[in-house]
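Below: the structure, in structure tokens.
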Amino acid sequence: MTKPVELPHHLRKIAHVFVDESMQDSLMANRVRERLAGTTHENIPWTVVPPEQDRIEFDKGDDQALYLKEYKGKFLRFCPGTRAYHCCGYRIIHIGENCPMRCSYCILQAYFQDRVLKIWANQNDLFSELANGFGADPNTRYRVGTGEFTDSLALEHLTGYSHDLVGFLNDFDNVVLELKSKVVDLTWMNAAKRTDRVLPAWSMNAPFVNEHEEFDVSTLRERLEAARTCAEAGFRVCLHFDPIIHYPGWKEGYAETIDMIFDYVKPEQIAYMSLGSFRCMPQLNPIIADNFPDTSYIYNEFVPGLDGKARLLRPLRVEQFKFMVDRLRSHGMDKQLYFCMESTEVWNEVFGYAPKDFGGLGKRLMEQAFND
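Heads up, our numbering is the position in the sequence shown plus 20, with the first residue counted as 1.
Laid out in structure tokens, this is it:
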């Protein structure tokens, strides 16, 4: 008798699958069934959700549920930035909500206070909306990604969603897709006809943060090994230090990670790299304290920002930014670097220039994405 195959570690808490009645025979539902077959999760229960039911209830301790849903909203969205700070102009392709991994700092805890991993199973509706948007004017360029309300690759082992999306976008030369993740799954690569239209991306942090504040994720070295694999295949990669955490020993920690990066990839193989200090909505702190009682960085010196989020005191942010930017520049990084949601004053203080000096952050990142 063949021994059942284990799912990747970050998917092993999935204990139930819900599927909308209209989606039970969809390509996505059939694929999930096929990929669960022969695994230790082959016999988890499936429940069909009738159309009159507007939400599902699932509360079984640490267990998680996967919900294959017919989504009725808008798939292509703008990044929910604020005018008070410089936003990158990213466009979101909305493929689902929630994440199977557990990171103490994650804002999704405040958005989705349940254990339900939602995937939009009506892919034809998604692709129709994207085709209408991206195909309207081939001269209008788009920098898009799926890693805003979920992790781009966390459910890829079961859903193949990024593989499908990469394949669909092969027909649109005016679109660059960023796949941002904290896990390693490179099965999407064989769907890409052009290596210059997909940007595989991974979150970076100090080793202490990776070990103590991120759970059920890939290690930093595993992420960087994946980045090297992509770079060797001709893709440029993106790396994101967000959130940067202020903790005892942060200088040594972030220096170690920065130096480690260039053991795996060269500066010219990096399309862009963001830096963002930890910031959070007021309601997130008590959630972090409750879910992660050993976490202490939430008790640092914070002040309300112009967007209503708590931000580390500016002198402390600037100190961290300057240290990291100087270290990154010593490795050959330059215009690939940018801040996520920071003020003109901080840009000038750290970089010596502001986005207006190069035509705006959205313009700069579009040029970097398309390698102009």
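In this text, a Cβ means the ideal position worked out from N, Cα and C, and glycines have one as well. Only a predicted model underlies this, so the values are computations on that prediction, with no experimental measurement involved.
With DSSP collapsed to three states, give me the class of residue i.
| i | result |
| --- | --- |
| S279 | The sequence shown places Asp at residue 279, rather than the Ser named in the question. DSSP places D279 in helix when its eight states are reduced to three. |
| E149 | helix |
| E369 | helix |
| F341 | helix |
| I115 | coil |
| V186 | helix |
| H106 | strand |
| L410 | This structure cannot speak to residue 410, because the chain is shown only from 21 to 392. |
| T67 | strand |
| M48 | helix |
| Q84 | strand |
| I290 | strand |
| H20 | No statement about residue 20 is possible, as the shown extent of the chain runs from 21 to 392 and does not include it. |
| T179 | helix |
| Y91 | coil |
| Y274 | helix |
| S297 | strand |
| L56 | helix |
| F192 | coil |
| R97 | strand |
| R384 | helix |
| G165 | strand |
Could you round the C-beta distance between residue i and residue j to whole angstroms and report it? I think they count as a contact, below 8 Å.
| i | j | result |
| --- | --- | --- |
| V203 | V237 | 6 Å |
| G174 | H30 | The amino acid occupying residue 174 in the given sequence is Ala; Gly does not appear at that position. The Cβ separation is near 6 Å, so the contact holds. |
| V164 | V186 | 12 Å between Cβ atoms; not a contact. |
| R51 | T179 | 7 Å |
| C394 | C360 | Residue 394 is absent from the structure shown; the chain starts at 21 and stops at 392. |
| M78 | R135 | Residue identity check: residue 78 is Phe in the sequence provided, not Met. Going by Cβ atoms, the distance from F78 to R135 rounds to 6 Å, so yes, they are a contact pair. |
| Q388 | A291 | 5 Å |
| E362 | Y105 | 6 Å |
| E168 | P227 | Their Cβ separation, rounded to whole angstroms, is 26 Å, which puts E168 and P227 out of contact at 8 Å. |
| V338 | V370 | 6 Å |
| S223 | L199 | No, S223 and L199 are not in contact; Cβ-Cβ is about 12 Å, not under 8 Å. |
| L47 | Q133 | With 8 Å as the limit, L47 and Q133 do not qualify as a contact, their Cβ atoms being about 30 Å apart. |
| D205 | H177 | 6 Å |
| M293 | L357 | 6 Å |
| V285 | A247 | 5 Å |
| I281 | L244 | 6 Å |
For residue i, which residues of its own chain have a beta-carbon under 6 Å away from its beta-carbon, when the five flanking residues on both sides are left out?
| i | result |
| --- | --- |
| F312 | S124 |
| I34 | Q84 and L86 |
| F147 | F188 |
| V229 | I265 |
| Y181 | I115 |
| L304 | A130 |
| A330 | C300 and F322 |
| L197 | V164, L189 and V218 |
For residue i, which residues from the same chain have a beta carbon less than 8 Å from its beta carbon, with the 5 sequence-adjacent residues on both sides left out?
| i | result |
| --- | --- |
| I64 | I34, A35, H36, V37 and L56 |
| V25 | G58, T59 and T60 |
| I278 | M344, R347, L348 and H351 |
| G296 | H260, F261, D262, P263, I264, F359, C360, M361 and E362 |
| C99 | C107, C108, G109, Y110, R111, I112 and E168 |
Cβ of residue i within 7 Å of any heavy atom in the ligand SAM?
| i | result |
| --- | --- |
| A374 | Within the structure as shown, the ligand SAM is missing, as the structure has no ligands at all. |
Going by beta carbon distance, what residues of the same chain come within less than 7 Å of residue i, once the five residues before and after it are set aside?
| i | result |
| --- | --- |
| E62 | P24 and L56 |
| D216 | N391 |
| D82 | K33 |
| Q289 | A251, R256 and V257 |
| L96 | R111, I113, E149, L150 and G153 |
| I307 | Q129 and A130 |
Quiz item: In the stretch 197-263, which residue ranges form an unbroken beta strand (DSSP E) of at least 3 residues, counting only runs that do not cross its ends?
Solution: 218-224
Self-check item: Cβ pair count under 8 Å reaching 3, the stretch 258-275 against the stretch 204-215
Solution: Verdict: no, contact absent.
Practice problem: Go through the stretch 311-364 residue by residue and report every complete run of the beta strand (DSSP E) that reaches 3 residues or more, in order. | Solution: Segments of the beta strand (DSSP E) lying fully in the stretch 311-364: 322-324, 330-332 and 357-359.
Quiz prompt | Meets three-Cβ-pair contact criterion under 8 Å: the stretch 35-47 and the stretch 68-76 | solution = yes
Quiz item: Between the stretch 109-122 and the stretch 130-146, do at least 3 Cβ pairs fall closer than 8 Å?
Solution: yes
Quiz item: Pairing CB atoms from the stretch 334-347 with CB atoms from the stretch 149-159, are three or more of them under 8 Å?
Solution: no
Quiz item: Would you call the stretch 340-351 and the stretch 372-382 touching, i.e. three or more CB-CB distances under 8 Å?
Solution: Contact between the stretch 340-351 and the stretch 372-382 is absent, because fewer than three Cβ pairs lie under 8 Å.
Practice problem: Would you check if the stretch 266-286 and the stretch 313-332 touch, i.e. whether three or more CB-CB distances between them fall below 8 Å? | Solution: Between the stretch 313-332 and the stretch 266-286, the count of C-beta pairs closer than 8 Å reaches three or more; the two stretches touch.
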